[in-house]
Structure formats: structure tokens, C-alpha cells
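Engineer:
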Amino acid sequence: MRKLRMTIGSVTIDAELFDTPTAAALYAAAPFESRATTWGEEVYFTAPVRAEREADAREVVEPGELAYRVEGEAVVIGFGPTPNSQADEIRLAMPANVWARTDDDVRQLVKVEAGQLIRVEPIGA
3 MRKLRMTIGS
13 VTIDAELFDT
23 PTAAALYAAA
33 PFESRATTWG
43 EEVYFTAPVR
53 AEREADAREV
63 VEPGELAYRV
73 EGEAVVIGFG
83 PTPNSQADEI
93 RLAMPANVWA
103 RTDDDVRQLV
113 KVEAGQLIRV
123 EPIGA
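Using this note's numbering, you'd call the opening residue of the sequence shown number 3 and step up by one each time.
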């Protein structure tokens, strides 16, 4: 199983990649660095990857699912309600490719501030 580690300040998220074109592209691009942006209870950051929207792209994700937004070439990690959410759902700004899952506590992303450095690197390779 391929994995990526995302380190943002004191927060570390280890993700198990799915067998998708987006996951393969992100894994191939690692290691790389970016800067965090926040939107409600979502952290996102640009990635040096171009991917097409996959057939199963969606707006609503579950805690622990990592997505990639084609528009803006960004990795998106939702951990709670966003300005687009209805009730307690995690609704992204637009449909995104779900490419990985983490068992780490994504609620810890509440500590992330816009502009923080993010390092993405393969683990266990």
C-alpha cells in the first residue's frame, strides 16, 4: 500500500492511497512543499499535479477522506463543516477526486493557519 505523509506545523497526517490516477500522480510528485489555505473546517493546498476529474468525484466527503480539486490543482482535506455545508456534513467547494484515506484524527487540522508550510513525502517506500 502506497502512503504519503503530510506535515503542517505540529500536525502530521499519514494517508493510504487508493488505486486511482490522481493518487498515482500525487505519489509520483512527492516530495513537495506548499502553503496551507483554510476555508471553514477545510485545509487545502496546491500540488504540482494535473489530473482530470474522475467519474466518482464528489462534493461531500467523510472525515479522513482526502480529495483533489482539479480547479486550482489542490489537495483538499475537510474535517468539519465548510461555508457550503448543510448541517454537519463536510461539503467541499466543488466536486473533487477522493484519492486517499487516513485513520489519523483530521480534527487536529483545526490548529493549521493559512500560510503554514506543508511538506508532502512518501513513507514506507
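Think of the CB as a built atom: it goes at the ideal place given N, C-alpha and C, for glycine as much as any other residue. The structure presented is a predicted model; accordingly, all values stated were derived computationally and were not measured.
Between A1 and T48, is the Cβ-Cβ spacing less than 8 Å?
Structural biologist: Past the edges of the chain, shown from 3 to 127, lies residue 1, and the structure says nothing about it.
Engineer: In the DSSP assignment, what are the bridge partners of Y70?
Structural biologist: V77 and N99
Engineer: Going by C-alpha distance, which of Q118, M96 and G82 is nearest R71?
Structural biologist: M96
Engineer: Taking just the CA atoms, how far does A30 sit from E91?
Structural biologist: 31 Å
Engineer: What does DSSP give as the partner residues of Y46 in its beta bridges?
Structural biologist: T39 and V78
Engineer: Would DSSP call T109 helix, strand or coil?
Structural biologist: It should be pointed out that residue 109 corresponds to Arg in this sequence rather than to Thr. Of the three classes helix, strand and coil, the one that applies to R109 here is helix, per DSSP.
Engineer: Going by DSSP, what residue range makes up the alpha helix (DSSP H) through P23?
Structural biologist: P23 to A31
Engineer: Would you kindly work out how many angstroms separate the C-alpha atoms of T9 and E67, rounded to a whole number?
Structural biologist: 16 Å
Engineer: Could you pull out every residue in the same chain whose Cβ sits closer than 6 Å to the Cβ of G11, ignoring the five residues on either side in sequence?
Structural biologist: Excluding sequence neighbours, G11 sits near Q118.
Engineer: Measure the CB-CB distance between F20 and V122 and report whether it falls below 8 Å.
Structural biologist: no
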